[in-house]
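Visitor: Taken in order, these protein sequences are the chains called A and B. For the first sequence, the tail end lands on 366 under my numbering, and the numbers increase by one without skipping. For the second sequence, the tail end lands on 269 under my numbering, and the numbers increase by one without skipping. By construction, the Cβ of each residue, glycine as well, lies at the ideal position given by its N, Cα and C atoms. Treat the numbers as computed from the prediction; the structure is a model and nothing was measured. Dropping the structure in here first, questions after.
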Amino acid sequence: MARPEEIQLRGSISPTSGRLTLWWDSTWRGLDERLGLSAFSYPVPEYANRLPYLLGGITLMGFIILFATGVWLAQFYHPHPSEAHSSVVFIITQAPLGDIVRSLHYWGANIVVLTVLLHMMRIYWAASYKRPREGNWLIGVGLLAVTTGLIFTGTVLKYDQEGFEALAHNREVANLLGFLGSWFSLEFSLSVPLLTRLYIGHITILPGLFTLLILGHLFLIKYHSISPRPSDEPAAVPERMSRFTVHLRRMIGFGLLLWAGLGVLSVLAPAPLGLPAVPGEEVTKPPWMFLWLYPLENVWGVQGLFYGGLLFFALLALVPFVDRSPYRSPRRRRWLLAAGGILFLALVVLGLYAWATVPVAHLVE
Amino acid sequence: MNGRFFRIIATWLASLLFLISLGNAWAHGEPKITVTPEVVAPGGNLEVRGESLTENGEITISLQGALFVTTLGTATGDAEGDFIINFIIPPETPGGTYLVRALGADGKTASAQITVTEPPPTPTPEAAATVSVSATPEAEAHPEPSAAEHQIPRSRSTGEWALILLGLGLSAGVGLFLVRTRD
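Structure, rendered in structure tokens:
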């Protein structure tokens, strides 16, 4: 976003471009006066424009893609147990651009989970969760939980064998929670099926929560400014500064590249759909981001599934309260980075183990 | 001092209540029923399996919807309160979501949700005569759960391909421009 004075300088080449520049200059001034656009041009450190510090913004771009494609899919999806699967088949075979939009939604969801994880790893590595940013770390953990909920409900909605078994797990976890899980029980609403209520969760409740949390997240990033580099040594030279508009431009640029990459993936490998659900023996495994929970469920049943997930989020939430040292440098936080590495490795090993083994029946019902 | 004492007691009581409620949820032997299939047509067969309901007693099974409620019948629990019974969904049942509720003589209750589809239109003799058989009756009646992918023909019109390629090209081009432009 060029500043009006820059445009005016460049515009003095020819009379035509000069008139154009004057028109743009006055339009910009008019818009800025009314909308305060130049407020976005506040200073940010130059390193914030590098890819590791753009991962959060790229994730946000991914969510915008998911929102847009989700609105399109909602025009053709029928959230009722007797119609859900056939409406997904309709989306794939007959809805305008249905197959490609659904595939963009599917691949977008997968990539967003990856970018969220990479974003959190960068924050963990750089100790960006330290005082005064503990609150924003917790909001980030909340955003990860909401993302997980969105992925889970999205998996159920297609109502193929995988979705059906995911819904059955949902009901068992709800039974485990007793009163706290009553919203997920069949008895909560006699007039609306659970699948339809999960759809409402997917398109209103969870996106609503996401919006509230992301607003808080963005506000706190602006309030505390971009977190410092992970170094405990005073900088030899003052930090080079850039502007947020540059950061935003690169964020949008990477978002568009993400969109293009998702498009290529969607053309080459369209989003899969399983056969219509049949009650009986459990034959599917969960999507890759939930696979690490599968061996826990093998051993401890649905309790392993629930408490494993709860423990993971509790550990994440505790990070800023465990690491109270003033140090940001990875060299001085080796034990914490090692603990994070071991946890990550454990999740990967559990996931690979689940991927390699045959499905096991867990469901009681 | 008193205020602090009462706060501690209240916290302990609240924790205790919470743990009791969790304990109830964890406890084995909760009454439960499972229905198969979960989507059924009027006149179709419904299998109801019950666990830990009334031991050696009568259990009433009812179908409860927003506009239609009926008793499907009764079952008798074994020594552990388990039972398996089949019912026919009344042909006049309107389509919609229903709770199948099992209520034992001792007050133990459990429920499960089913969807009753809209009744099919009565076929004309001509239509009935042209119905083709695409699968064996056994396979239709007892399909097995499968993790296989649904094979769906995916074809795109030229217009769709043009839109997709245009979108991809524009996104990639503008994205690269924005990322590579110098400050």
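Excluding the 5 residues preceding and the 5 following residue 67(A) in the sequence, name in chain order all residues of the same chain whose CB lies nearer than 7 Å to its CB.
Guide: What you label residue 67(A) is simply residue 66 of the first sequence in a count that begins at 1. Excluding residues within five positions, the ones whose Cβ falls inside 7 Å are 106, 109, 110 and 113.
Visitor: Would you tell me roughly how many angstroms separate the C-alpha atoms of residue 137(B) and residue 148(B), rounded to the nearest one?
Guide: As a position in the second sequence, residue 137(B) is number 51, starting the count at 1. As a position in the second sequence, residue 148(B) is number 62, starting the count at 1. In a straight line, the C-alpha of residue 137(B) is about 16 Å away from that of residue 148(B).
Visitor: Of the residues that make up the region 153 to 171 of chain B, which ones have a beta carbon closer than 8 Å to any beta carbon in chain A?
Guide: Answer in chain order: no residues at all.
Visitor: Is DSSP giving residue 142(B) helix, strand or coil here?
Guide: To locate residue 142(B), count along the second sequence from 1; it is residue 56. Reduced to three states, the DSSP call for residue 142(B) is coil.
Visitor: Given this structure, state the Cα-to-Cα distance separating residue 181(A) from residue 358(A), to the nearest angstrom.
Guide: One-based indexing of the first sequence puts residue 181(A) at position 180. One-based indexing of the first sequence puts residue 358(A) at position 357. Cα to Cα, residue 181(A) sits roughly 33 Å from residue 358(A).
Visitor: DSSP state of residue 318(A), grouped into three classes?
Guide: In the first sequence, the residue the question calls residue 318(A) occupies position 317. Note: residue 318(A) maps to helix in three-state DSSP.
Visitor: Alpha carbon to alpha carbon, how far is residue 195(B) from residue 188(B)?
Guide: Here residue 195(B) corresponds to residue number 109 of the second sequence, with the count starting at 1. Here residue 188(B) corresponds to residue number 102 of the second sequence, with the count starting at 1. Near 5 Å, if we compare the C-alpha coordinates of residue 188(B) and residue 195(B).
Visitor: Of all the alpha helix (DSSP H) runs that stay within the bounds of the region 203 to 291 of chain A, which reach a length of 4 or more residues?
Guide: Taking only runs of at least 4 residues, the alpha helix (DSSP H) segments lying wholly in the region 203 to 291 of chain A are 207 to 225 and 245 to 269.
Visitor: Taking 8 Å as the CB-CB cut-off, is residue 93(B) touching chain A?
Guide: Along the second sequence, one-based indexing puts residue 93(B) at 7. For residue 93(B), the answer is no, since every Cβ of chain A falls outside 8 Å of its Cβ.
Visitor: Determine the direct distance from the alpha carbon of residue 198(A) to that of residue 190(A), and round the result to whole angstroms.
Guide: As a working mapping, residue 190(A) is identified with position 189 in the first sequence. As a working mapping, residue 198(A) is identified with position 197 in the first sequence. Straight-line Cα distance between these residues: approximately 9 Å.
Visitor: If you draw a straight line from the C-alpha of residue 239(A) to the C-alpha of residue 233(A), how long is it?
Guide: Locating residue 239(A) in the first sequence gives position 238, where the first residue counts as 1. Locating residue 233(A) in the first sequence gives position 232, where the first residue counts as 1. Roughly 15 Å separates the two Cα atoms.
Visitor: Comparing the C-beta of residue 99(B) with each C-beta of chain A, is any distance below 8 Å?
Guide: Numbered from 1 along the second sequence, position 13 holds the residue referred to as residue 99(B). Not closer than 8 Å to any Cβ of chain A, the Cβ of residue 99(B) fails to qualify, so no.
Visitor: DSSP three-state call for residue 295(A): helix, strand or coil?
Guide: Here residue 295(A) corresponds to residue number 294 of the first sequence, with the count starting at 1. Helix.
Visitor: Does the pairing of the region 293 to 313 of chain A with the region 165 to 180 of chain A give three or more beta-carbon distances under 8 Å?
Guide: These segments touch.
Visitor: Starting from residue 201(B), trace the beta strand (DSSP E) in both directions and tell me its first and last residue.
Guide: Here the question's residue 201(B) lines up with position 115 in the second sequence. Segment 195 to 202, the beta strand (DSSP E) holding residue 201(B).
Visitor: At a Cβ threshold of 8 Å, is residue 38(B) touching chain A?
Guide: Nothing in the structure corresponds to residue 38(B), since chain B is present only between 87 and 269.
Visitor: Relative to the C-alpha of residue 204(B), which residue among 101(B), 122(B) and 129(B) is closest?
Guide: Taking the first residue of the second sequence as 1, we reach residue 204(B) at position 118. For residue 204(B), the nearest C-alpha among the options comes from 129(B).
Visitor: Along the chain, where does the beta strand (DSSP E) that runs through residue 161(B) open and close?
Guide: Along the second sequence, one-based indexing puts residue 161(B) at 75. Where residue 161(B) is concerned, the enclosing beta strand (DSSP E) stretches over 155 to 162.
Visitor: If you draw a straight line from the alpha carbon of residue 161(B) to that of residue 121(B), how long is it in whole angstroms?
Guide: On the second sequence, position 75 is the one that residue 161(B) refers to. On the second sequence, position 35 is the one that residue 121(B) refers to. Straight-line Cα distance between these residues: approximately 14 Å.
Visitor: Nearest chain A C-beta to residue 249(B) closer than 8 Å, yes or no?
Guide: Taking the first residue of the second sequence as 1, we reach residue 249(B) at position 163. It does; some Cβ of chain A falls within 8 Å.
Visitor: Report the residue from 163(A), 92(A) and 295(A) whose alpha carbon sits nearest the alpha carbon of residue 281(A).
Guide: The residue labelled residue 281(A) in the question sits at position 280 within the first sequence. The option with the nearest alpha carbon to residue 281(A) is 163(A).
Visitor: May I have the straight-line CA-CA distance separating residue 177(B) from residue 360(A), to the nearest angstrom?
Guide: The residue you call residue 177(B) lines up with position 91 of the second sequence. The residue you call residue 360(A) lines up with position 359 of the first sequence. Residue 177(B) and residue 360(A): Cα-Cα distance of roughly 38 Å.
Visitor: For residue 187(B), which residues does DSSP report across the bridge?
Guide: Here residue 187(B) refers to the residue found at position 101 when the second sequence is read from its first residue. Its beta-bridge partners are 148(B) and 197(B).
Visitor: Three or more C-beta pairs closer than 8 Å, one from the region 152 to 162 of chain A and one from the region 129 to 139 of chain A: is that the case here?
Guide: With the cut-off at 8 Å, the region 152 to 162 of chain A and the region 129 to 139 of chain A do not touch.
Visitor: So, at 8 Å on beta carbons, what are the nonlocal neighbours of residue 145(A) in its own chain, with the 5 sequence-adjacent residues on each side left out?
Guide: Locating residue 145(A) in the first sequence gives position 144, where the first residue counts as 1. Closer than 8 Å at Cβ, skipping near neighbours: 117, 121, 314 and 317.
Visitor: To the nearest angstrom, how far is it from the Cα of residue 334(A) to the Cα of residue 268(A)?
Guide: If you number the first sequence from 1, residue 334(A) lands on position 333. If you number the first sequence from 1, residue 268(A) lands on position 267. Near 44 Å, if we compare the C-alpha coordinates of residue 268(A) and residue 334(A).
Visitor: So if I threshold CB-CB distances at 9 Å, which residues from the region 280 to 307 of chain A count as touching chain B?
Guide: Correct list: 280, 281, 282, 283, 284, 285, 286 and 304.
Visitor: Alpha helix (DSSP H) containing residue 369(A): first to last residue?
Guide: Because chain A here runs from 2 to 366, residue 369(A) falls outside it and cannot be looked at.
Visitor: Establish whether the CB of residue 3(A) and some CB of chain B are separated by less than 8 Å.
Guide: As a first step, residue 3(A) must be located in the first sequence, where it is residue number 2. For residue 3(A), the predicted structure reports a pLDDT of 47, less than 50, and the residue's modelled location is therefore unreliable. A value from the coordinates is still provided. With 8 Å as the cut-off, residue 3(A) does not count as an interface residue toward chain B.
Visitor: Measure from the C-beta of residue 100(A) to each C-beta in chain B and report whether the shortest distance is under 8 Å.
Guide: Walking along the first sequence from the start, residue 100(A) turns up at place 99. True, the Cβ-Cβ gap to chain B drops below 8 Å.
Visitor: Tell me where the beta strand (DSSP E) around residue 333(A) begins and ends.
Guide: Along the first sequence, read from residue 1 onward, the residue named residue 333(A) stands at position 332. First-last for residue 333(A): undefined, no H or E at that position.
Visitor: Since residue 251(A) meets chain B, which of its residues come closer than 9 Å, beta carbon to beta carbon?
Guide: Indexing the first sequence from 1 puts residue 251(A) at position 250. Under the 9 Å cutoff, chain B gives 264, 265 and 267.
Visitor: Spatial neighbours of residue 201(B) within its chain, please: CB distance less than 6 Å, with the 5 preceding and 5 following residues excluded, ordered by chain position.
Guide: For the purposes of this step, residue 201(B) is taken as residue 115 along the second sequence, with counting starting at 1. The answer, listed in chain order, is 125 and 183.
Visitor: Please work out which residues of its chain come closer than 7 Å, Cβ to Cβ, to residue 154(B), disregarding the five sequence neighbours upstream and downstream, and give them in chain order.
Guide: As a working note, residue 154(B) is residue 68 in the second sequence. Excluding sequence neighbours, residue 154(B) sits near 179 and 180.
Visitor: Between 353(A), 84(A) and 329(A), which lies nearest to residue 124(A) when the distance is taken from Cα to Cα?
Guide: Within the first sequence, residue 124(A) is the residue found at index 123, counting from 1. Closest by alpha carbon: 329(A).
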